[in-house]
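To start, the structure itself, in structure tokens.
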Amino acid sequence: MAIIVDKNTKVLVQGITGREGSFHTKLMLEYGTKILAGVTPGKGGNEVHGVPVYDSVSEALMKHPDINASIVFVPARFAADAVYEAIDNGIKVLVVITEGIPLWDELKMIDYARRHGVVVIGPNTPGIIVPGETKIGIMPGHVFTKGEIGIVSRSGTLTYEIARELNKHGLGQSTVLGLGGDPITGLNFIDVYKMFLEDNETKAVVIVGEIGGDAEERLADYIKKHGLEKPVVAYIAGKTAPPGKRMGHAGAIISMGMGTWDSKKQALEDAGVPVADKPSDIPVLLKKLLEK
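Reminder that position 260 of the sequence shown reads as 260 in my numbering, one-by-one numbering, no gaps.
Right, here's the structure in full:
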């Protein structure tokens, strides 16, 4: 069992003929992801790595009605329209890799998706991977191994490093999901934590947060109110970030003293979630919790 996607998920690639879309389509196919079709307006009739290309989502779905997820590589100024097109054609899972989408466009498209019951992973996300089953994203597949630890993260690169640390201690992963680095994302920590609670294959959860925003504090409040049903370990990036320094993620903005590393660590620890000082501490903390 996995969350959101699995080996049976049938995938559409929007923006498949672009450099990033084509490159990662090849890697996803090599990983075993079931990609049935791609879309690029004006490029219908072509193939990319053996995947047929159509001019629109509706044309792709007419030929491949089993498609139930889409990954979006469309450039930022057109990405929202690509998301609307997928939603309006009934696709219920969208992985939006594109970064740099204007904030107002993100707000509108995420609201539209929620009102239509569509799960959006991202924008500005490395995607989602169920090790050994499917990869709908740009993460390096060889880093992850099948196991019982769920990871939900704000940072792509840190996710890969933490998965590698878990592997060293024999802790594989059930599902790994990147929320995205923008202020507006389709899912938050609470959404994914609740999904992991319902997943029998996931025995513990790793939360990879970062300074800025209040997503980690909101998760801590949720756990305080509802209890800690599965072991959780957190890591917060940005402990040593210099004040006033612009960081890589648009969501990593500290405003009026809120969203600091100290405030997030305190909130999570008050909820009973240990916070690792460095990625290599995570498997040690996890093993202690799992042995209880």
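C-beta: ideal position from N, C-alpha, C; glycine also.
Given the structure is predicted, the values throughout are model-derived calculations rather than measurements.
Q: Identify which residue in Asp6, Phe73, His64 has its Cα closest to the Cα of Phe23.
A: Taking the first residue of the sequence shown as 1, we reach residue 23 at position 23. Of the candidates Asp6, Phe73, His64, the one whose C-alpha sits nearest the C-alpha of Phe23 is Phe73.
Q. Since Thr134 is in the alpha helix (DSSP H), which residue starts that stretch and which ends it?
A. Taking the first residue of the sequence shown as 1, we reach residue 134 at position 134. No alpha helix (DSSP H) holds Thr134; the beta strand (DSSP E) holding it covers 134-137.
Q. Of the residues Lys224, Gly186, Ala220, Ile4, which one's Cα is nearest the Cα of Ile207?
A. Here residue 207 refers to the residue found at position 207 of the sequence shown. The residue with the shortest Cα to Cα distance from Ile207 is Ala220.
Q. Under a Cβ-count criterion, where at least 16 other Cβ atoms within 10 Å of its own Cβ denotes burial, should Ser293 be classed as buried or exposed?
A. Residue 293 is absent from the model: the chain starts at 1 and stops at 292.
(Q) For a test of the three-state rule: what should DSSP assign to Thr145, helix, strand or coil? (A) Within the sequence shown, numbered from 1, the residue matching residue 145 stands at position 145. Thr145: coil per DSSP, three-state reduction.
Q: Pull up the distance between the alpha-carbon of Val93 and that of Arg115, whole angstroms please.
A: As a working mapping, residue 93 is identified with position 93 in the sequence shown. As a working mapping, residue 115 is identified with position 115 in the sequence shown. It is roughly 14 Å from the alpha-carbon of Val93 to the alpha-carbon of Arg115.
Q) Is it true that the CB of Tyr160 sits closer than 8 Å to the CB of Met139? A) As a first step, residue 139 must be located in the sequence shown, where it is residue number 139. As a first step, residue 160 must be located in the sequence shown, where it is residue number 160. Cβ atoms of Met139 and Tyr160: closer than 8 Å.
Q | Contact check, Val275 vs Ala237, beta carbons under 8 Å | A | Taking the first residue of the sequence shown as 1, we reach residue 275 at position 275. Taking the first residue of the sequence shown as 1, we reach residue 237 at position 237. No, Cβ-Cβ distance for Val275 and Ala237 is not below 8 Å.
Q) Where do the ends of the beta strand (DSSP E) carrying Leu12 lie? A) Sequence index remark: in the sequence shown, residue 12 carries index 12 (1-based). Residue range 10-14 is occupied by the beta strand (DSSP E) that includes Leu12.
Q. CB Thr98 to CB Gly180, shorter than 8 Å?
A. To locate residue 98, count along the sequence shown from 1; it is residue 98. To locate residue 180, count along the sequence shown from 1; it is residue 180. For Thr98 and Gly180, no; Cβs fall outside 8 Å.
Q: Could you tell me whether the Cβ atoms of Ile184 and Glu291 are closer together than 8 Å?
A: As a first step, residue 184 must be located in the sequence shown, where it is residue number 184. As a first step, residue 291 must be located in the sequence shown, where it is residue number 291. No, these two residues do not count as a Cβ contact at 8 Å.
Q. So what's Val5 in DSSP terms, helix, strand or just coil?
A. Here residue 5 refers to the residue found at position 5 of the sequence shown. For Val5, the secondary structure class from DSSP, reduced to helix, strand or coil, is coil.
Q. Which residues bound the alpha helix (DSSP H) around Ile282?
A. For this step, residue 282 is matched to residue 282 along the sequence shown. Segment 282-291, the alpha helix (DSSP H) holding Ile282.
Q.
On a Cα-Cα basis, can you pick out the residue from Ile128, Met62, Lys43 that is closest to Thr9?
A. Residue mapping note: residue 9 aligns to position 9 of the sequence shown, counting from 1. The alpha carbon of Thr9 has as its nearest neighbour, out of Ile128, Met62, Lys43, the alpha carbon of Ile128.
Q) Should Asp88 be labelled buried (16 or more other beta-carbon atoms within 10 Å of its own) or exposed? A) Locating residue 88 in the sequence shown gives position 88, where the first residue counts as 1. Asp88 is exposed by the Cβ-count criterion.
Q. From Asn188 to Ile3, what distance separates their C-alpha atoms?
A. In the sequence shown, the residue the question calls residue 188 occupies position 188. In the sequence shown, the residue the question calls residue 3 occupies position 3. Our two residues, Asn188 and Ile3, have alpha carbons roughly 14 Å apart in a direct line.
Q. Does DSSP put Glu47 in a helix, a strand or coil?
A. Within the sequence shown, numbered from 1, the residue matching residue 47 stands at position 47. Strand, per DSSP.
(Q) I'd like to know whether the C-beta atoms of Gln14 and Ala80 end up nearer to each other than 8 Å. (A) In the sequence shown, residue 14 corresponds to position 14, counting from 1. In the sequence shown, residue 80 corresponds to position 80, counting from 1. Not in contact: Gln14 and Ala80 (Cβ atoms no closer than 8 Å).
(Q) Quick check on the DSSP output: the alpha helix (DSSP H) that includes Val206 runs from which residue to which? (A) What you label residue 206 is simply residue 206 of the sequence shown in a count that begins at 1. Unbroken run through Val206 is the beta strand (DSSP E), 204-210; no alpha helix (DSSP H).
Q: Could you say which of Met109, Asn167, Thr25, Gly150 lies nearest to Phe196 if we only look at CA atoms?
A: Translated into positions along the sequence shown, residue 196 becomes position 196. With distances taken between Cα atoms, Phe196 lies closest to Gly150.
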